[in-house]
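Protein chains in written order, with UniProt numbering: chain W, 1 to 252; chain G, 1 to 252.
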């Protein structure tokens, strides 16, 4: 049984904790957070708000925001265990003060209110030795089928890609919802289209799947749309239209 | 049995034709296109490349690009039937030369190579009389469960929203694929995230679902990402990050 302490109590910590609860060979023996009110989500295990009270464990997971990872690494003692952070954005060397360290980055978007199936989440793994990598893989294998060896540059690239396909995409959904709302239309109308757009790339590459007025730089349609938009939405529309036309226009 | 002639042979025409083939009370008696090679996809029905050979039907569907709709409306005679176009971008009055006219706009992204389930596609309908609207609805009900009365302004707003949530989103997928490819990573790694991003909004509003470094304007992470991007990708990243921060930043 691998004993784990989770440092952090945000969305990633909550979802990791739930996933480990279902795993056979993993036991989360403690969750740390400096704000006690955040620890209510972890009532099934021991919790603490003091670094001095941290239990001894096999693996410590720093499931924290990027800047908090660096701060925590400074104050947490090196018990000789394995220390992993869960960030896509920062290098493994943020934990280099610990003899055994690595990265345990789940490539997914986590919201407190929504359950996720960890089994299909790509786990991007890295460690400072082969032995530590094997330990990290064993831990990840308990919660997901998809284990990936990625170095820090690749992980950063995946994180940047994730910003485009997840964070920015979701912002485009927000703009779609805003346009609907201003025109007395339910956002629900767009949901089949959103679903199909995401499903389409299971069969076609995104380049092949591209449709719409931007490919042909169809100015009549484009100008009609711009009339309906706020200044900010217009800027986004124009920039993305130009980018699509640049990529696809020549092929027509 | 409603007899239909389809004018056009592109992706919308192909998918409409397939949907009507399965409908009980609809028969596509002819498909017109001026380029004979495009008509090979319609081997189960009569086809023609000459407007003078158009058969008499109950409904003529102009499933054409926006500019072609206007051109065809000029040369197709008014047989007294109902004339519908399938465009989200142009008004119903593009067909006002016909005594009976309306709009039959399926809000979906169509690619030749990919099958779609018409049943869940919102059909945005409009007609120049109550009687014509009923005929249009009856035709739509044969292929979809989701019928929507939308005026031309609302349809244009839906079309603009669709550009954001479908065309632009797909372009962000293309950028994600490009970043992966340049870093020896398979685009498949991003697919669970893309799927979850699209599924999340079934439960949460897109505003609630927003995650990522842009919300907090986390410059450390953002600068790290910008280093990996092309000039064009950088411009898109900066603009969308600013837009997300503008909307969400104040709430933190």
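We put the CB at the ideal spot given by N, CA and C, even for glycine. Since this is a predicted model, take the numbers as computed values, not measurements.
Does DSSP put residue i in a helix, a strand or coil?
{"i": "residue 266 of chain G", "result": "Because chain G in this structure spans residues 1 to 252, residue 266 of chain G falls outside the shown range and cannot be described."}
{"i": "residue 85 of chain G", "result": "strand"}
{"i": "residue 15 of chain G", "result": "helix"}
{"i": "residue 61 of chain W", "result": "strand"}
{"i": "residue 76 of chain G", "result": "coil"}
{"i": "residue 6 of chain G", "result": "strand"}
{"i": "residue 118 of chain G", "result": "helix"}
{"i": "residue 98 of chain G", "result": "coil"}
{"i": "residue 104 of chain W", "result": "strand"}
{"i": "residue 54 of chain G", "result": "coil"}
{"i": "residue 42 of chain G", "result": "helix"}
{"i": "residue 1 of chain G", "result": "coil"}
{"i": "residue 246 of chain G", "result": "helix"}
{"i": "residue 110 of chain G", "result": "coil"}
{"i": "residue 23 of chain W", "result": "coil"}
{"i": "residue 90 of chain W", "result": "coil"}
Do you know whose CA, among the options, lies nearest residue i's CA?
{"i": "residue 230 of chain W", "options": "W:201, W:175 and W:191", "result": "W:175"}
{"i": "residue 129 of chain W", "options": "W:103, W:37, W:153 and W:169", "result": "W:103"}
{"i": "residue 65 of chain G", "options": "W:90, W:177 and W:218", "result": "W:218"}
{"i": "residue 168 of chain G", "options": "W:213, W:182, W:140 and W:183", "result": "W:213"}
{"i": "residue 26 of chain W", "options": "W:61, W:39 and W:92", "result": "W:61"}
{"i": "residue 124 of chain W", "options": "W:154, W:111, W:109 and W:115", "result": "W:154"}
{"i": "residue 146 of chain G", "options": "W:239, W:191 and W:163", "result": "W:191"}
{"i": "residue 164 of chain G", "options": "G:178, G:107 and G:202", "result": "G:107"}
{"i": "residue 92 of chain W", "options": "W:33, W:70, W:78 and W:81", "result": "W:70"}
{"i": "residue 121 of chain G", "options": "G:132, G:236 and G:142", "result": "G:142"}
{"i": "residue 237 of chain G", "options": "G:226, G:29, G:247 and G:57", "result": "G:226"}
{"i": "residue 68 of chain W", "options": "W:46, W:52, W:94 and W:38", "result": "W:94"}
{"i": "residue 78 of chain W", "options": "W:90, W:86 and W:51", "result": "W:51"}
{"i": "residue 111 of chain W", "options": "G:171, G:151, G:82 and G:206", "result": "G:206"}
{"i": "residue 144 of chain G", "options": "G:3, G:13 and G:23", "result": "G:23"}
{"i": "residue 86 of chain W", "options": "W:233, W:2, W:244 and W:10", "result": "W:10"}
{"i": "residue 161 of chain W", "options": "G:3, G:1 and G:173", "result": "G:173"}
{"i": "residue 150 of chain W", "options": "W:36, W:88 and W:41", "result": "W:88"}
{"i": "residue 247 of chain W", "options": "G:232, G:239, G:247 and G:117", "result": "G:232"}
{"i": "residue 117 of chain W", "options": "G:138, G:117, G:59 and G:196", "result": "G:196"}
{"i": "residue 180 of chain G", "options": "W:183, W:215 and W:158", "result": "W:158"}
Quick check on residue i - is its C-beta less than 8 Å from some C-beta in chain W?
{"i": "residue 168 of chain G", "result": "yes"}
{"i": "residue 164 of chain G", "result": "yes"}
{"i": "residue 341 of chain G", "result": "Shown here, chain G extends from 1 to 252; a query on residue 341 of chain G therefore has no answer."}
{"i": "residue 140 of chain G", "result": "no"}
{"i": "residue 14 of chain G", "result": "no"}
{"i": "residue 36 of chain G", "result": "no"}
{"i": "residue 80 of chain G", "result": "no"}
{"i": "residue 30 of chain G", "result": "no"}
{"i": "residue 33 of chain G", "result": "no"}
{"i": "residue 225 of chain G", "result": "yes"}
{"i": "residue 57 of chain G", "result": "no"}
Comparing the CB of residue i with every heavy atom of the ligand GDP, is any distance shorter than 7 Å?
{"i": "residue 16 of chain G", "result": "Ligands displayed in this structure: none; no statement on the ligand GDP is therefore possible."}
Give a yes or no on whether the minimum CB-CB distance between residue i and chain G is below 8 Å.
{"i": "residue 211 of chain W", "result": "yes"}
{"i": "residue 218 of chain W", "result": "yes"}
{"i": "residue 64 of chain W", "result": "no"}
{"i": "residue 245 of chain W", "result": "no"}
{"i": "residue 74 of chain W", "result": "no"}
{"i": "residue 161 of chain W", "result": "yes"}
{"i": "residue 121 of chain W", "result": "yes"}
{"i": "residue 202 of chain W", "result": "yes"}
{"i": "residue 129 of chain W", "result": "no"}
{"i": "residue 183 of chain W", "result": "yes"}
{"i": "residue 111 of chain W", "result": "yes"}
{"i": "residue 207 of chain W", "result": "yes"}
{"i": "residue 86 of chain W", "result": "no"}
{"i": "residue 156 of chain W", "result": "yes"}
{"i": "residue 153 of chain W", "result": "yes"}
{"i": "residue 143 of chain W", "result": "no"}
{"i": "residue 48 of chain W", "result": "no"}
{"i": "residue 236 of chain W", "result": "yes"}
Tell me which residue opens and which closes the beta strand (DSSP E) that residue i is part of.
{"i": "residue 30 of chain G", "result": "26-32"}
{"i": "residue 46 of chain G", "result": "46-48"}
For the UniProt domain "DUF2520" (121-243) of chain G, list the alpha helix (DSSP H) runs that are entirely contained and at least 4 residues long, ordered along the chain. Listed in chain order, the complete alpha helix (DSSP H) runs (minimum 4 residues) inside the UniProt domain "DUF2520" (121-243) of chain G are 130-141, 152-162, 169-182, 191-200, 206-209 and 219-226.
According to a CB-to-CB cut-off of less than 8 Å, which residues of the region 172-198 of chain W neighbour chain C? Of the protein chains in this structure, namely W and G, none is chain C.
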